[in-house]
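Here's the structure, in structure tokens; my notes come after.
Chains as they are written, first to last, in my numbering: chain Y, 1 to 154; chain P, 1001 to 1154.
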């Protein structure tokens, strides 16, 4: 065993967890960058655009702009730009809400649903490739641990 | 075993990895939000400010503004605002580079080094708390897997 390994194993667990946290950040950023590039090359698309379509795909009856931007945690202005583009391309439509003249929902068109299905299938393939180092058994274990982290009561 | 569990275990590994990826994103965002709040309450500080100080702490001789914003992956404008504030508060100073009149480095002052050490110690405590679900043995294993993900050759 090398000195470097010895040192690493002698670290207190708090130092190890700090190191793991920095690695978690680095790894999610790494994968996000890869996805960004894959979406660009494969679909001339972007991550925020993919996220908007994913959200609309989960709520097929449509969402208000304010709900979209809230859940995406981005500014209304940015979401407006993305939606305008998607409407122009025929993937999203604006529909009015019965009984509320001022309210509008945005919703995927049939073309949008089809396009997103295509993108989502590719996205799953990319993720499967990026996380191929994690075995099927490990995935379940990791998932469980990550859930517990978010459920903590501070 | 419940039906829900059965279904989950029958999923192809690509679906499981996709679910894990969404959990990784959620968890890093969750922890980042907790840290944001802890930095605000404990030090009236912010995450980008902490990141700037951490970077300057790693390179005590100082960095150019362009190096700082490159490594932080944020715009020069944002870094300038953060640095201006830190200079006002006496945690950072601007120093000129010998032989290059136009170049300036930014560097932590002794006060800044001390303040960052205090913040870094608290930060380690917070991370240790947030990741307490991950045992010392698991930390090493997780770290290894995450490194492999970033080393992949596509």
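Yeah, the Cβ is synthetic: ideal placement off N, Cα and C, and Gly gets one too.
Contact annotation: residue 1030 (chain P) and residue 1039 (chain P) have beta-carbon atoms that are not nearer than 7 Å. Taking CB atoms only, residue 1069 (chain P) has no neighbour in chain Y less than 7 Å away. Annotation for residue 1045 (chain P): 1039 place their beta carbon closer than 6 Å to its own, counting only its chain and skipping 5 residues before and after.
Annotated as proximal: residue 1097 (chain P) and residue 1103 (chain P), with beta-carbon spacing under 7 Å. Close CB contacts of residue 1037 (chain P) within its chain, under the 8 Å cut and outside five residues either way in sequence, are absent. Residue environment for residue 1041 (chain P): exposed (fewer than 16 other C-beta atoms within 10 angstroms of its C-beta).
Boundaries of the alpha helix (DSSP H) around residue 146 (chain Y): 136-151. Counting C-beta atoms within 10 angstroms of its own C-beta, residue 47 (chain Y) has fewer than 16 neighbours from the protein chains shown and is therefore classed as exposed. Between residue 1082 (chain P) and residue 1052 (chain P), the CB-CB gap stays under 7 Å.
Distance between residue 1090 (chain P) and residue 1111 (chain P), taken at the CA atoms: about 7 Å.
At a C-beta separation below 9 Å, residue 1019 (chain P) has these neighbours in chain Y: 139 and 143. With respect to chain P, the C-beta atom of residue 16 (chain Y) has a partner C-beta closer than 7 Å. In this structure, residue 145 (chain Y) sits near residue 1134 (chain P), with a CB-CB distance shorter than 7 Å. Residue 63 (chain Y) and residue 108 (chain Y) have their C-alpha atoms roughly 10 Å apart.
Identification of chain Y residues near residue 1028 (chain P) by a Cβ-Cβ cut-off of 7 Å yields 24, 25 and 28, ordered along the chain.
Distance from residue 150 (chain Y) to residue 1027 (chain P) at the Cβ level is roughly 6 Å; contact confirmed, criterion being Cβ atoms closer than 8 Å. Of the other Cβ atoms in all chains shown, 16 or more fall within 10 Å of the Cβ of residue 1023 (chain P); this residue is therefore buried.
In terms of Cβ geometry, residue 14 (chain Y) and residue 1122 (chain P) do not form a close pair [threshold 7 Å]. If one requires a minimum length of 3 residues, no beta strand (DSSP E) run lies completely within the stretch 1049-1095 of chain P. In the displayed model, residue 131 (chain Y) falls within coil according to three-state DSSP, outside both helix and strand. At a beta-carbon threshold of 7 Å, the residues of chain Y lying near residue 1148 (chain P) are 133, ordered along the chain. For residue 34 (chain Y), the CB contacts under 8 Å within the same chain, skipping 5 residues up- and downstream, are 126 and 130 in chain order.
For residue 104 (chain Y), the beta-bridge partners assigned by DSSP are Y:96.
Not flagged as an interface residue toward chain P: residue 33 (chain Y), since no C-beta distance is shorter than 7 Å. The C-beta of residue 1148 (chain P) has fewer than 16 other C-beta atoms within 10 Å across all chains shown, which makes the residue exposed. Contact note: residue 1124 (chain P) reaches chain Y through 14, 15, 17 and 18, using a C-beta cutoff of 9 Å and chain order.
Taking all protein chains in view, the Cβ of residue 1016 (chain P) is crowded by 16 or more other Cβ atoms within 10 Å, so the residue is classified as buried.
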